[in-house]
Amino acid sequence: MKNSPPLFGSGLELANLVVSSGLLSQSWDLIYELSRELNPSEQIRFGTFRQPNCTVIVFVTSATLTKHHLQEVEDELVSLSLPSPFHFLCTKSNPTFAIHKAAVTLFSSFIDQLTILKNQISNSVPLIVTGHSVGGSVASLFTLWLLESMNKADAKRVLCITFGAPLIGDKGLQQAISRNSKWNSCFLHVAANQDLVPRLFVSLSPQNPNARQIDSRSVAYQPFGTYLLCSESGYTCIEDSEEVSKLLVTMGSETPRNQNPSVELEIFNYTETVKQVEKIVIYQGISRLGEAEVHPLRARTILQLDAIGVKRTQQACSEFNTLITNMERREKFRVLKQKVFDPDKKLNEMKVYMAYLEWYKKSMSEKEGYYDSYKNNRFPEDMDVKKFKKKLNDYWKKVVEEAERMPMRENAPLHIRWLYGGTNYRRMVEPLDIAEYYNKGLKNYKADGRSEHYKKLEEWLEVDLHRSKPDNRKKLNVSNSLTEDSCFWERVEEALMLCKSLRNEEGDRELTKRNLVTFEVYVMEQIKNYAVSPHIFLEKSSFMRWWGEYESIIETFYISEDSELIDLMKTGKYKKYADGKIF
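Numbering (the UniProt record's numbering), first residue to last: 1 to 583.
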């Protein structure tokens, strides 16, 4: 039996690892060094520093520019659904997002210089991109831009560390980055409880009087990546975006200098904060909590709050208890979600549905084939197939979505077991979706009707494996095989329409004839590779219906009979295909 995931967050452990690595002090020292060279009239300065263990790119902005961007321009968001350096973040499921206008405007104004910098980066050494305040915003945008041009292996060698940076985008941006777990893990944002800037754009609430009022027509800002929250008491790491937002507000409300909304914005210096966190020993055990707090989840949650300055003495306050309860609830939900979607268990459940479809396929092997049987909907079993098809589609759509967001293995979205399971599913089930599509009188399935998850499963298989070549094993097993191209029947349906167009003299006759010859070549290629099921040759199948149509128009429309497929069909050699004896 597998162990359940631990019922407490790993924020404190992750914080220890990051702080003990020396990356914080290394990054901040270079920021401080470059900022001393900054001319007050400069908007931004960036530099590259070669270190023994890595390369560090630093972004700093002047205090004047920072205050202008954060107090005068304030929190205006600009939609980036149109072409931009970050268009690659737009997807069908997440077509638009918004970024802090001041940050993206500053980034875009230096795009030529940043392009040169980007082209000079070597992927052979680890890279740290860092920045302070608005410079941190530009560092985040530069890192995003850089990640898009890197493969997954190189992306692991990039870390963006920001100090006191404001939030830079809405929920759409957060979702676009979080979809890719490798990208999301490349961002570490350091925020001190005395620094007002990181919480400026968190939605206005009674606990956060310093937050800017978010326009009701816009979507509130959302954090992404990992946050290292610091106070004089300690530090902790949080990855959940909603918890980060709540804790930024909560820990800021505990600092007297942050409680006055009219206080002038100051650019916080992280020198002492970095020194302090490197000296602090994270609280260990639950002995500090008292006898009442013995549950590991509650103990760890209180320690995390304690570490960022939300004091132990406040436990009597209802707001504090509500915060603890909400954090516990989110952690329990995360664990429950993992249990409900146990990958191995779910995959085994899907195998049961696949076994039923395999039985259905075999039971139709002497009639018209399972594709045409389902399309014609003549048997009671067809309704059961529809039900199982939906369950399989729902499962694999979710698997693909999760794999895009959090790949299962290095340099590949799916483990081999899921890759082959998804391939068998696609080859078995997609023909049924094709049958439904053409039953509605539609056309051009591949261009207009194909689900994105089928495309991804096919793409991942092609990346992971070389295309197979004919061998004796395929010949021996061809009688039980599935057609490898899950869109084979789409091509058949389109070829049937071409025959109809030619017979009715619709469209460009020569183009139609060329397309039919192209289909011939495609089919023969599949047959030579033993890549199609012998069911395509059943008497009542759509393929044999196409052949009947095609054979009758070959002479009428002067289509060359010098074709391997025409010879195969006219001589009846295709009847030996199921025995692997055609060639």
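Here a beta-carbon is modelled for each residue, glycine too, at the ideal position from N, C-alpha and C.
CA nearest to the CA of residue i, picked from the options
i       : options                            : result
Cys-487 : Tyr-445, Glu-505, Arg-514, Glu-506 : Tyr-445
Thr-273 : Asp-240, Ile-527, Leu-24           : Leu-24
Pro-40  : Thr-271, Ser-21, Val-60            : Val-60
Gly-164 : Val-517, Ile-238, Phe-268          : Phe-268
Leu-461 : Asp-485, Leu-70, Asn-477           : Asp-485
Leu-432 : Lys-387, Ser-21, Tyr-420           : Lys-387
Asp-112 : Trp-546, Met-383, Phe-142, Lys-475 : Phe-142
Ser-185 : Ala-191, Ala-192, Ile-177          : Ile-177
Glu-33  : Thr-48, Gly-22, Tyr-227            : Thr-48
8 angstroms contact criterion, which residue i and residue j should meet: CB distance rounded
i       : j       : result
Leu-496 : Glu-549 : 7 angstroms
Ile-99  : Val-78  : 6 angstroms
Ser-241 : Gln-194 : The Cβ separation is near 23 angstroms, so there is no contact.
Tyr-235 : Val-429 : In fact, because the Cβ distance is near 50 angstroms, the residues do not count as touching under 8 angstroms.
Phe-557 : Leu-482 : With a Cβ gap of about 34 angstroms, Phe-557 and Leu-482 do not count as contacting.
Glu-37  : Ser-62  : Going by Cβ atoms, the distance from Glu-37 to Ser-62 rounds to 11 angstroms, so no, they are not a contact pair.
Gly-131 : Thr-105 : About 16 angstroms separates the two Cβ atoms, so there is no contact after all.
Segment limits, beta strand (DSSP E) that includes residue i
i       : result
Ser-560 : Per DSSP, Ser-560 belongs to no beta strand (DSSP E) and is neither H nor E.
Ser-479 : First-last for Ser-479: undefined, no H or E at that position.
Val-190 : 187–192
Ile-99  : 98–100
Ser-451 : Neither: Ser-451 is in no beta strand (DSSP E) and is coded neither H nor E.
Ser-79  : 77–79
Helix, strand or coil at residue i according to DSSP, with G and I counted as helix
i       : result
Leu-200 : coil
Ser-231 : strand
Tyr-270 : coil
Tyr-395 : helix
Ser-133 : coil
Phe-59  : strand
Cys-487 : coil
Cys-54  : coil
His-415 : coil
Arg-514 : helix
Gly-225 : coil
Gly-169 : strand
Gly-441 : coil
Ile-90  : Checking the sequence, you will find Cys at residue 90 rather than Ile. DSSP places Cys-90 in coil when its eight states are reduced to three.
Leu-553 : The sequence given here places Ile at residue 553; Leu does not occur at that position. In this structure, Ile-553 counts as helix in the three-state DSSP scheme.
Gly-164 : coil
Phe-46  : strand
Val-400 : helix
Ile-566 : helix
Leu-159 : strand
Leu-538 : coil
Thr-571 : coil
Gly-11  : Because the pLDDT of Gly-11 is 45, which lies under 50, any placement of that residue in the model is unreliable, and the question is left without a value.
Ile-177 : helix
Ile-128 : strand
Ile-582 : coil
Tyr-577 : helix
Residue i to residue j span [Cα, whole Å]
i       : j       : result
Asn-180 : Glu-401 : 10 angstroms
Leu-127 : Arg-417 : 34 angstroms
Pro-85  : Lys-513 : 44 angstroms
Ser-542 : Val-138 : 58 angstroms
Asp-29  : Arg-426 : 53 angstroms
Glu-555 : Asn-393 : 44 angstroms
Gly-172 : Glu-458 : 27 angstroms
Lys-570 : Lys-581 : 17 angstroms
Glu-539 : Gly-369 : 9 angstroms
Phe-583 : Lys-528 : 8 angstroms
Glu-232 : Val-197 : 18 angstroms
Ala-578 : Tyr-356 : 23 angstroms
Asp-170 : Ala-220 : 6 angstroms
Arg-450 : Thr-91  : 16 angstroms
Ile-168 : Glu-76  : 10 angstroms
Residue range of the alpha helix (DSSP H) that includes residue i
i           : result
Gly-265     : The question names Gly, but residue 265 is Leu in the sequence shown. Per DSSP, Leu-265 belongs to no alpha helix (DSSP H) and is neither H nor E.
residue 584 : With the chain represented from 1 up to 583, any question about residue 584 goes unanswered, as that position is not in the structure.
Ser-122     : It is not in any alpha helix (DSSP H) - Ser-122 carries neither H nor E in the DSSP assignment.
Asn-376     : 370–376
Cβ-heavy atom distance, residue i to the ligand ADP, below 6 angstroms
i       : result
Asp-112 : With respect to the ligand ADP, the structure offers nothing, as it holds no ligand at all.
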